[in-house]
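Trainee: Right, I'll just put the structure down here and ask away after.
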Amino acid sequence: MMTAGASGIQARRHVVLCTGVSSYHVLSYLSNDLARAFVDAGWSAEVLDLSRVSTPTELRRIVVQNRTAFFCGYSGYGANIAGANGTSAYDALGVPYVGLMLDSPSYYPSRHETLSAETIFLHGDDGHHDASVAISPAGSHRGLFRLATSPWTAPTSPIAERTRTVLFASKGGDPVQYEAMLRRTLDARGLRVVLAIADALGATTTPQRMGDVANACLPTTAPDARWHTLAAHGDHLARIRRATGVARALLSLPVTFVGGEWEHLDRTTSRATFLPGTPLPDVRRLMASSASVLNVQPGTTDSVHDRFLLGLQAGAAVVSDSNRFIDARIGREQFTCWDGDTRTIADVVASTLDTITSPEAQTRADRGTVCARERFSLDMLVRHLGAVVSAHRDGRALPHPDGAEGQAAALTNAVAPGAVADQAA
C-alpha cells in the first residue's frame, strides 16, 4: 500500500461525484447516496453540481488539493468537459473520470466517442457495453458495473399492513403523439426504420438488445449520428407503447402512477391514482408504504432497473418481468414474475393484491430485501470502483463486477482503492 512520504507518493482517498440537471433530481440523489457510501468506506467525497459552478475553475481547485483519486458521474454527467484546446479536462489534469452509464449509447453517442486516455465508461448492461465499445476510440477503457441502491433505513411495516396499492414509478408518454412528431420531422425512409425498430422491440415479451434490433433494421458497418438518432427514436417509441399498454391494462385496479405524462389515458372509470413527477426520496417513501411495486424492463437484457432494487429495499412485494441477468443474479423466488405480456399484467397484479396478506407473500418480500442488500449494496460498488481505477492506473484490464478477480482485488486492497502516484505539478 502506498503512503504519503514514500518517494513523493501520496495516497489519494477523495472522490468527486459529478451531477447536474436531471428529471426529478434523480442523478443528484443517486450521487449523494454514493458519496455517503464512499465516506462510510473511509474515503472523503463531495458532490459537484456542474450546473452551478464554473467548471474549469472547480476542476482545477479540486485537483490542486492533491487528494483526488478520480471523478465519477452517473450517465456520464461531466464526461465531456474539455479545455480551450479541445483536450479532455481529465487528460489535462491527469485524473481519471468514471462514467456509470445507465442508458443505451444511442441516446448520447458523442459521449462514447470522446477521445480521452483518462475517461472510463462502466455500463450496467452488457448490451450497452458492447454498443459503446463499437463506437469508442481505440484504446478506450470500457467495463461493467452493477447498479446498487442504498437500503431503506426507516422502520417498515409488514406488507399486509400497508396501503393496498401497487406503485408504478415511471414517466409515461403518448405513443400516438410521438409518432405524429416523427412523421413531421423524419423523411420517409427514416420513419420506416424507426417504426421497424419499435415494432421489432415490441414483437416479443423477451427483452432484446436495442443495438442488435437496430442493426437488423438499419444495417451498417459504422453507425453514424443519424443511425443513433433513429435507433433512439425507435427504442423510445417501443418503451412508451409498452408503458401505455401496461397502464391501460391496470386502470381498473388500485395502482398509483408516479411520473407524469399520462394525460393520454382515459381515466373516466379508473381506480388508479396519477401523481406528477416526484423526487426520489418521496418515491421511496411511497414504496415503503405501498404493498407492491411494479417494474417493467423494456430493452434491458443484462441488468436490473433501479425501480426493481428500490422496491426490494423498501420491503414491498415486487412484480416484474424478468431477463437473463435477473434470472441468474437475483432469481425469481425473490419477486412475483410477470411474463411481459400486457394482456396478462392485470391478472398478475390483481392476484398479488389478493394474496398480499399470506405468509408466503411476506416471506418472498423478505427474501427480496435480503437479496438487494447483500448483492446490490453501495459498498460493493465502492469497492468495485476502487478496483477499476487501480486497474486503469496500472494499464490492466478492468475487473468484472461479478468476477472473483475484481472482488478479490478490492477486498485485499492489493492497490489501495484510489491510491495513486501524486502527479500534481
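Just so we're aligned: the sequence shown equals residues 13 to 437 in my numbering.
Backbone N, C-alpha and C fix where the C-beta goes; we use that ideal spot for every residue, glycine too.
Taking the C-alpha atoms as reference points, what is the distance between THR364 and SER304?
Mentor: 8 Å
Trainee: Pick from GLU58, ALA259 and GLY343: whose alpha carbon is nearest that of PHE286?
Mentor: ALA259
Trainee: For ASP378, which residues from the same chain have a beta carbon less than 8 Å from its beta carbon, with the 5 sequence-adjacent residues on both sides left out?
Mentor: If you ignore the 5 residues before and after ASP378, its C-beta comes within less than 8 Å of the C-beta of GLY327, all in its own chain and listed in chain order.
Trainee: Just how far apart, CA to CA, sit PRO266 and ARG254?
Mentor: 19 Å
Trainee: Tell me where the alpha helix (DSSP H) around THR256 begins and ends.
Mentor: Run containing THR256: 237 to 262, per the alpha helix (DSSP H) assignment.
Trainee: Considering only heavy atoms of the ligand NAD, does any lie closer than 8 Å to the CB of GLU372?
Mentor: The ligand content of the structure shown is nil, which means the ligand NAD is not present either.
Trainee: In whole angstroms, what is the alpha-carbon distance linking HIS141 and LEU134?
Mentor: 7 Å
Trainee: Taking DSSP as the reference, what is the three-state secondary structure of VAL361?
Mentor: helix
Trainee: Given that a residue counts as buried once 16 or more other Cβ atoms are within 10 Å of its Cβ, and exposed if not, what is GLN189?
Mentor: exposed
Trainee: Helix, strand or coil for ARG24, going by three-state DSSP, please let me know.
Mentor: DSSP places ARG24 in coil when its eight states are reduced to three.
Trainee: Please determine if the stretch 309 to 321 and the stretch 336 to 343 are in contact, where contact requires at least 3 C-beta pairs separated by less than 8 Å.
Mentor: yes
Trainee: Within 10 Å of its beta-carbon, does VAL382 have 16 or more other beta-carbons around it, so buried, or fewer, so exposed?
Mentor: exposed
Trainee: Roughly how many angstroms lie between the CA atoms of ALA426 and SER56, to the nearest whole one?
Mentor: A caution first: ALA426 carries a pLDDT of 29, below 50, which makes its placement in the model too unreliable to give a value.
Trainee: Could you tell me the distance, in whole angstroms, from the CA atom of MET222 to the CA atom of LEU263?
Mentor: 29 Å
Trainee: Taking PRO187 as the reference, give the member of ALA210, ALA200, VAL59 and THR356 with the closest Cα.
Mentor: Looking at the Cα atoms, ALA210 is the closest of the given residues.
Trainee: Could you tell me the alpha carbon to alpha carbon distance between ASN227 and GLY32, rounded to whole angstroms?
Mentor: For ASN227 and GLY32, the distance between alpha carbons rounds to 32 Å.
Trainee: Locate the beta strand (DSSP E) running through GLY223, then write down its first and last residues.
Mentor: Counting along the chain, GLY223 falls outside any beta strand (DSSP E), though it belongs to the alpha helix (DSSP H) covering 222 to 229.
Trainee: Which class does THR268 belong to by DSSP, given the choice of helix, strand or coil?
Mentor: strand
Trainee: Ignoring anything shorter than 4 residues, give me the alpha helix (DSSP H) runs that lie fully in the stretch 275 to 345, in order along the chain.
Mentor: Counting whole runs of 4 or more residues, the stretch 275 to 345 contains the alpha helix (DSSP H) stretches 292 to 301, 318 to 325 and 336 to 341.
Trainee: Could you give the distance in angstroms between the alpha-carbon of TYR89 and the alpha-carbon of ILE74?
Mentor: 17 Å
Trainee: Assign GLU130 to one of two classes, buried (16 or more other C-beta atoms within 10 Å of its C-beta) or exposed (fewer than that).
Mentor: Buried, since its Cβ has 16 or more Cβ neighbours within 10 Å.
Trainee: Roughly how many whole angstroms lie between the Cα atoms of VAL394 and ALA373?
Mentor: 32 Å
Trainee: Determine which residues share a DSSP beta bridge with ALA181 and list them.
Mentor: VAL270
Trainee: Quick check on PHE133: does DSSP put it in helix, strand or coil?
Mentor: strand
Trainee: Would you kindly check if the distance between the Cβ of HIS276 and the Cβ of THR290 is under 9 Å?
Mentor: The Cβ-Cβ distance between THR290 and HIS276 does not fall below 9 Å.
Trainee: If you run the structure through DSSP and keep just helix, strand and coil, what is PHE50?
Mentor: helix
Trainee: What are the boundary residues of the alpha helix (DSSP H) that includes LEU127?
Mentor: Per DSSP, LEU127 belongs to no alpha helix (DSSP H) and is neither H nor E.
Trainee: Using three-state DSSP, classify ARG525 as helix, strand or coil.
Mentor: The displayed coordinates of the chain run from 13 to 437. Any statement about residue 525 would go beyond what the structure contains.
Trainee: What residue range is occupied by the uninterrupted alpha helix (DSSP H) comprising SER144?
Mentor: 138 to 147
Trainee: Please give the ranges of any alpha helix (DSSP H) in the stretch 54 to 109, keeping only runs that are unbroken, at least 4 residues long and fully inside the region.
Mentor: 67 to 76 and 101 to 105
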